[in-house]
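First the structure, in the form of structure tokens, and then the observations on it.
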Amino acid sequence: MQVSFACTEHNLKSRSEDRLCGLRTAPPPGGSSSGGGGGGGGGGGDRGSGQGGNGNYTTQSLVKTRDVAGSRPVPQGHAHMKEAIGRHSSMKYRNLGKSGLRVSCLGLGTWVTFGSQISDEMAESLMTIAYENGVNLFDTAEVYASGRAEITLGNIIKKKGWRRSSYVVTTKIYWGGQAETERGLSRKHIIEGLRGSLSRLQLDYVDIVFANRNDVNSPMEEVVRAMTFVINQGMAMYWGTSRWSAMEIMEAYSVARQFNLIPPVCEQAEYHYFQRDKVEVQLPELYHKIGVGAMTWSPLACGLITGKYSDGVPDCSRAAMKGYQWLKERVHSEEGRRQLAKIKELHLVADRLGCTAAQLAIAWCLRSEGVSSVLLGVSNTDQLLENLGALRVTHTHTHTHTHTHTHTHTHTHLVLSSIVKTSTHTHAHTHTHTHTTI
Numbered sequence: 050m051q052v053s054f055a056c057t058e059h060n061l062k063s064r065s066e067d068r069l070c071g072l073r074t075a076p077p078p079g080g081s082s083s084g085g086g087g088g089g090g091g092g093g094g095d096r097g098s099g100q101g102g103n104g105n106y107t108t109q110s111l112v113k114t115r116d117v118a119g120s121r122p123v124p125q126g127h128a129h130m131k132e133a134i135g136r137h138s139s140m141k142y143r144n145l146g147k148s149g150l151r152v153s154c155l156g157l158g159t160w161v162t163f164g165s166q167i168s169d170e171m172a173e174s175l176m177t178i179a180y181e182n183g184v185n186l187f188d189t190a191e192v193y194a195s196g197r198a199e200i201t202l203g204n205i206i207k208k209k210g211w212r213r214s215s216y217v218v219t220t221k222i223y224w225g226g227q228a229e230t231e232r233g234l235s236r237k238h239i240i241e242g243l244r245g246s247l248s249r250l251q252l253d254y255v256d257i258v259f260a261n262r263n264d265v266n267s268p269m270e271e272v273v274r275a276m277t278f279v280i281n282q283g284m285a286m287y288w289g290t291s292r293w294s295a296m297e298i299m300e301a302y303s304v305a306r307q308f309n310l311i312p313p314v315c316e317q318a319e320y321h322y323f324q325r326d327k328v329e330v331q332l333p334e335l336y337h338k339i340g341v342g343a344m345t346w347s348p349l350a351c352g353l354i355t356g357k358y359s360d361g362v363p364d365c366s367r368a369a370m371k372g373y374q375w376l377k378e379r380v381h382s383e384e385g386r387r388q389l390a391k392i393k394e395l396h397l398v399a400d401r402l403g404c405t406a407a408q409l410a411i412a413w414c415l416r417s418e419g420v421s422s423v424l425l426g427v428s429n430t431d432q433l434l435e436n437l438g439a440l441r442v443t444h445t446h447t448h449t450h451t452h453t454h455t456h457t458h459t460h461t462h463l464v465l466s467s468i469v470k471t472s473t474h475t476h477a478h479t480h481t482h483t484h485t486t487i
């Protein structure tokens, strides 16, 4: 996979030299900048964003990382992905699998938040900040908030007036409605479901349409033919899978090759400290064999890694929301308590590295081979700015090679190894560890 730090139009616009080392914030929705909307910046879903009455956002609390003193030479030649640092942006762009589509290594997801947990004004603020800091990938699904997430996303895109060629929108098809024909991966629902998504998004096409799980009731050939059809009709550019097994993805690829159809280019998979095998063991093999990349979600384990559940379930948290009883049960389970104990150790490691646990967790996900992008799920601007700060963690601890940091890195690796359950792929981690300090 090729990686570069790219300069997009929205990175270059109105950027002065004194902003090169910091992330940009968006104007309040009611501000005077182009594309701004009416209304205040603090929506109903803004959990502790610390905004004042005028809705201005600051970057003072955005990144708690500290630059390391000393030289910062660029490491020569090893990493799985080639990297170069651009002048105007700290965002990295990677190929989606082995396709030619370039996506930001951090994307903005809309699960739980858009159309549900947060207000439309807050959603607009999040998208604006993300876009102006180089994020070009926005992910949604027909099932999110029963379609309202797509409506919110589409309204914001239309309001902002961004060039369609400057961003990537992905959606997922499976759970559409209550009728038997409004769910699954039949040819009927893939085509009709995607048309419904495009209508809600107010777009002519999506860049990627995902099959939001495998459908045992639909033959694989029918699924692949339907995905090929929507691409040939200009309704999507690529298609991918979500929550599919490696065997199912390989079957789809084989069917595509057999009938001269279009194979999937990406799998969406859950990936964090406590969910690792699929992304680290199974998907790299698919990436090398058939070019399928990974777009990962839940890097903070539904907020568990932030430490917000260390003293119970806060009333304003996701686990306290209707329909998320499973998350509350997970927090209170025996396994959840063990994970929370490990997370406390992780916070100590993050403190020593001068960053937050969330930033360390996201940067850790980015170092995995074959990961094209990590989707962020945030409910306020402070969370987004903090998460974007993971790029500084990656830059600082990847490009510094003094003796002091070699010592710190070795100790950190040992601590992380004791915190996070490791699999049988020790050699791969040692290999990465040699060249990366995360």
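Heads up, the sequence shown is in my numbering, so the first residue is 50 and it goes up one at a time. Glycine residues also receive a C-beta, built at the ideal position from the N, C-alpha and C atoms.
Asked                                                                                                               : Found
The alpha helix (DSSP H) enclosing residue 302, as first and last residue numbers                                   : 295–307
For residue 299 and residue 334, the rounded distance between their alpha carbons                                   : 11 Å
For residue 290, the first and last residue of its enclosing alpha helix (DSSP H)                                   : No alpha helix (DSSP H) contains residue 290, which is instead part of the beta strand (DSSP E) from 285–291.
Where residue 150 falls: helix, strand or coil (DSSP)                                                               : coil
Proximity winner among 338, 220 and 192, relative to residue 254 (alpha-carbon distances)                           : 220
Between the CA atoms of residue 406 and residue 223 - distance to the nearest angstrom                              : 34 Å
CB contact flag (residue 247, residue 272, <8 Å)                                                                    : no
DSSP state of residue 538 mapped onto helix, strand, coil                                                           : There is simply no residue 538 to check, as the chain begins at 50 and stops at 487 in what is shown.
Straight-line gap, residue 259 to residue 280 (C-alpha atoms, nearest Å)                                            : 12 Å
Simplified DSSP state of residue 315, which is helix, strand or coil                                                : strand
Three-pair Cβ contact test at 8 Å for the segment 152–169 versus the segment 323–339                                : no
Local Cβ density within 10 Å of residue 116, reported as buried at 16 or more and exposed below that                : The predicted model places residue 116 with a pLDDT of 38, which falls under 50 and marks its position as unreliable, so this point remains unresolved.
Counted within 10 angstroms of its Cβ, other Cβ atoms place residue 227 as buried (16 or more) or exposed           : exposed
Same chain only: Cβ atoms within 7 Å of residue 410, ignoring 5 sequence neighbours per side                        : 321, 322, 348, 349 and 354
Distance CB(residue 288)-CB(residue 313) smaller than 8 Å                                                           : yes
Helix, strand or coil at residue 166 according to DSSP, with G and I counted as helix                               : helix
Coil, strand or helix - residue 96 by DSSP                                                                          : Residue placement at residue 96 is flagged as unreliable, the pLDDT there being 36, under the threshold of 50; the coordinate-derived value follows with that caveat. Reduced to three states, the DSSP call for residue 96 is coil.
Segment limits, beta strand (DSSP E) that includes residue 420                                                      : 420–425
Check whether residue 492 and residue 277 have beta carbons under 8 Å apart                                         : No statement about residue 492 is possible, as the shown extent of the chain runs from 50 to 487 and does not include it.
Pairwise C-alpha distance: residue 416 and residue 284                                                              : 33 Å
Separation of residue 419 from residue 237, as counted between CA atoms                                             : 32 Å
Backbone secondary structure at residue 112 - three-state DSSP                                                      : With a pLDDT of only 39 at residue 112, under 50, the local geometry of the prediction cannot be trusted, and no value is derived from it.
Sequence-distant residues of the same chain with beta carbon closer than 6 Å to residue 302, five excluded per side : 312 and 339
Straight-line Cα distance separating residue 268 from residue 107                                                   : Its pLDDT being 38, under 50, residue 107 is placed unreliably in this model, and the value from its coordinates should be taken loosely. Whole-angstrom Cα-Cα distance: 52 Å.
Beta-bridge pairing of residue 232 - partner residues as DSSP gives them                                            : 224
Contact set for residue 295: own chain, Cβ-Cβ below 8 Å, skip 5 residues either direction                           : 327, 331, 332, 334 and 335
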